[in-house]
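Undergrad: Below are the structure tokens for one structure; questions will follow.
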Amino acid sequence: MNRDPHYFHSPTSFIPERWLHEATTDSNSVFYKDQRQCLQPFSAGPRNCMGQYLAMAEMRLILAILQLRWENLRTFLLVGKKPIHVRMKLRDSSLSPSAA
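Okay, here's the thing in structure tokens:
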């Protein structure tokens, strides 16, 4: 079913853009009529893949390890803004509209 041209445009080609949100909303996209719900990577129902939860846990673990090992670098391309000096003066009450 995953390679059936009835369900997917160019089913044997590697085109990751078919899974983007724009492909489902833009009626001019060649992937607009793709039946994405036909793809069940771990199958479905009572005979689905026993290892699907293990695979998902491993993917989460890999992402967590990548995030922990990511080196935080300082950014030197941003320009710091100088403080704005403002002088304030108390207004004369004769100029206020309520004094009329």
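Residues in the sequence shown are numbered consecutively from 3, following this note's numbering.
For every residue, glycine included, the Cβ atom is placed at its ideal position computed from N, Cα and C.
1) Which value, in whole angstroms, describes the spacing of the CA atoms of Lys84 and His23?
2) Which residues mark the beginning and the end of the alpha helix (DSSP H) in which Leu68 is found?
3) Please state the DSSP three-state secondary structure of Arg89.
4) Would His8 pass as a contact of Phe33 if the rule is Cβ separation under 7 angstroms?
5) Enumerate in chain order the residues of its own chain whose CB-to-CB distance from Asn50 is below 6 angstroms, with the five nearest sequence positions on each side excluded.
6) Going by DSSP in three states, His23 sits in which element: helix, strand or coil?
7) For Pro13 and Asn4, which I take to be in contact (beta-carbon distance under 8 angstroms), what is that distance rounded to the nearest angstrom?
TA: The answer reads as follows:
1) Spanning the two alpha carbons is a distance of roughly 41 angstroms.
2) Residue range Gln54 to Arg71 is occupied by the alpha helix (DSSP H) that includes Leu68.
3) coil
4) no
5) Phe44
6) helix
7) 7 angstroms
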